[in-house]
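I have placed the structure first, in the form of C-alpha cells, so that the comments after it can refer back to it.
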Amino acid sequence: RPSTSAEKEKPAIQPKSPQFEMGKLPTKNYVPSHFMKGTMIQMASGKLKKVEDMSSDDFLLSAPLSKEFNVDASVVLEISRATTLARVKFAVGQKQYE
Numbered sequence: 001r002p003s004t005s006a007e008k009e010k011p012a013i014q015p016k017s018p019q020f021e022m023g024k025l026p027t028k029n030y031v032p033s034h035f036m037k038g039t040m041i042q043m044a045s046g047k048l049k050k051v052e053d054m055s056s057d058d059f060l061l062s063a064p065l066s067k068e069f070n071v072d073a074s075v076v077l078e079i080s081r082a083t084t085l086a087r088v089k090f091a092v093g094q095k096q097y098e
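Anchor point for the sequence shown: position 13 equals 13 in full-length UniProt numbering, and the numbering is continuous, going up by one each time.
Dropping the structure here:
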C-alpha cells in the first residue's frame, strides 16, 4: 500500500529528558555522559582509555588533569533497607548525602 504524506511526516518520538533541580542529580534515567560506555578519558600519561576499561587508580590519577571534575573520598555512614529500596548515607568531606 502506498504511504501517505501524513505517515511520512510523523515526528520521531524523542526520549524524554530527565528533569532535575539545579545542583542536584535526578534520581531516575540519568547517566552522566562522561561515564557512558565508550567515552574516551585521557590518562595522566596522556594515553586515551575507554571509561569501561579504567581502574579506580586510573580515575584517581586522571582527575587532577580536569578542571571540571575532582575525586573526593567518601565514607558510608549508614545503609538501611526497605522492601524494594535501600538508602545509603555517606559523607564526602564535611558534607553528608543520602
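Note that CB positions come from ideal geometry on N, CA and C, so glycine has one too. Remember, predicted model here, so these are calculated numbers, not experimental data.
Within the continuous alpha helix (DSSP H) that includes Phe59, where are the two ends? Ser56 to Ser62
Roughly how many angstroms lie between the CA atoms of Leu85 and Val75, to the nearest whole one? 20 angstroms
So, for Val88: in the same chain, excluding its five sequence neighbours on each side, which residues have a beta-carbon less than 8 angstroms away from its beta-carbon? Val76, Glu78, Ile79 and Glu98
Sequence-distant residues of the same chain with beta carbon closer than 8 angstroms to Met40, five excluded per side: Leu48, Lys49, Lys50 and Val51
Which of the three DSSP states, helix, strand or coil, is assigned to Val92? strand
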